[in-house]
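Here the working numbering runs 22 ahead of the position in the sequence shown, where the first position is 1.
Ideal Cβ placement from N, Cα and C applies to all residues, glycine included.
Scroll down for the structure; my scribbles are underneath it.
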Amino acid sequence: MYKKHQILAIIPSRGGSESVPHKNIHPLLGKPLIYYTISEAKKSKYIDRLICSTDDPQIAKIAKKYGAETPFLRPASLAKNASQDLGFYRHTLTYLAKNENYTPDLVINLRPTAPLRTAKHIDQAIKIVVDNNADGLKTVALTDKHPHKMWRIRKGIFLDSYLKTAFRLKYGPDVPRQKLSPVYWQNAVIDITRPKFILEQNRVFGKKLATLIMSSEDSVDLDSILDFKVAEQIMKERGRE
Numbered sequence: 023m024y025k026k027h028q029i030l031a032i033i034p035s036r037g038g039s040e041s042v043p044h045k046n047i048h049p050l051l052g053k054p055l056i057y058y059t060i061s062e063a064k065k066s067k068y069i070d071r072l073i074c075s076t077d078d079p080q081i082a083k084i085a086k087k088y089g090a091e092t093p094f095l096r097p098a099s100l101a102k103n104a105s106q107d108l109g110f111y112r113h114t115l116t117y118l119a120k121n122e123n124y125t126p127d128l129v130i131n132l133r134p135t136a137p138l139r140t141a142k143h144i145d146q147a148i149k150i151v152v153d154n155n156a157d158g159l160k161t162v163a164l165t166d167k168h169p170h171k172m173w174r175i176r177k178g179i180f181l182d183s184y185l186k187t188a189f190r191l192k193y194g195p196d197v198p199r200q201k202l203s204p205v206y207w208q209n210a211v212i213d214i215t216r217p218k219f220i221l222e223q224n225r226v227f228g229k230k231l232a233t234l235i236m237s238s239e240d241s242v243d244l245d246s247i248l249d250f251k252v253a254e255q256i257m258k259e260r261g262r263e
C-alpha cells in the first residue's frame with residue numbers, strides 16, 4: 023500500500039510461446055524466468071497482492087511455489103497469441119470482485135519477460151502514479167531508432183517517409199541525430215493503470231499517462247534464446263546469479 027492505495031500486481035504468463043517453448047518458465051541462470059519477476063515484486067514496499075494470470079497448470083504450480091497467488095486458471099480464449107491485455111486485466115479484476123469483494127486502487131502489469139526489472143523500479147513507478155494523480159504509467163527507454171529516419175515500403179520497392187511533419191518535409195531524412203528531439207519506446211517492463219478504466223470504460227489506460235524512463239539494459243525483453251543469453255550476461259555482471 024502507498025498513501026492508502028491498495029495495489030495489485032498481475033504477472034500475465036500464458037503457456038503458449040512460439041519463439042521459445044514455455045518461455046515464461048524457461049531456465050535463466052538455473053531458475054524459471056518467472057521467478058525473477060515474482061522475487062522482485064515480493065520485495066516491493068508497496069505491492070499488496072501478487073497474482074499470476076496463466077492458462078497453464080505447470081506455470082501456475084511454479085508461480086505458486088515462488089510466492090505468487092494463483093486463484094484461477096485464465097480461460098484459453100484469453101491466452102491466445104493475439105489476445106490483448108484488456109482480457110486478462112478484466113478477467114482478474116472481475117474474478118476478485120465477484121469471489122472476494124476485492125477491488126484494488128491500482129493494478130500493475132509485470133510481464134515475466136523483463137527479468138532486469140527490480141523492486142526499486144516498481145516502487146518508483148507506483149510513487150510516480152500516486153504522487154502525480156496520474157491515470158496510469160508505462161515505462162519507456164530512449165531509442166536511437168528515430169521515426170524521422172523511418173520508412174514505409176510501397177509496392178515492394180519504393181520508400182515512403184513514415185513521418186509527414188513540416189520539419190521532415192523541409193529537411194529530409196538525413197538530419198544529424200543531435201538535431202532531433204529524444205524519442206522513447208514503450209519497453210513493456212511496467213504498466214500501471216486504475217481498475218475503473220478496465221471495468222467501466224473497456225480500455226486499459228486513461229489519458230493522463232505518466233512514465234518512468236529506464237536504461238536500455240534494464241529494458242531487455244526476452245523473446246529468443248539469444249535474449250536469454252544477453253540477460254544472463256547482464257545479470258552475471260551485476261551479481262544477480
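| Check | Outcome |
| --- | --- |
| Cβ distance (whole Å) where A119 is taken to contact K65 below 8 Å | Going by Cβ atoms, the distance from A119 to K65 rounds to 27 Å, so no, they are not a contact pair. |
| V162 versus I150: straight-line alpha-carbon distance, rounded | 14 Å |
| G178 vs F227 beta-carbon contact at 7 Å | no |
| heavy atom of the ligand COA below 6 Å from E259 C-beta | In the structure on display, the ligand COA does not appear, and there are no ligands present to speak of. |
| Given R225 as reference, the closest of P54, F110, Y68 and P34 once Cα atoms are compared | F110 |
| Start-to-end residues for the alpha helix (DSSP H) that takes in D107 | D107 to E122 |
| Among L55, S35, K218 and K160, the one whose alpha carbon lies nearest that of A98 | S35 |
| Spatial distance of N121 from R262 (CA atoms) | 38 Å |
| CA-to-CA distance, K192 to E62, given in whole angstroms | 48 Å |
| Identity of the residue in P126, A232, A253 and K26 nearest D213 by Cα | A232 |
| Sheet register partners of N131 (DSSP bridge) | I32 and D213 |
| Run of the alpha helix (DSSP H) containing T59, from where it starts to where it stops | L55 to K65 |
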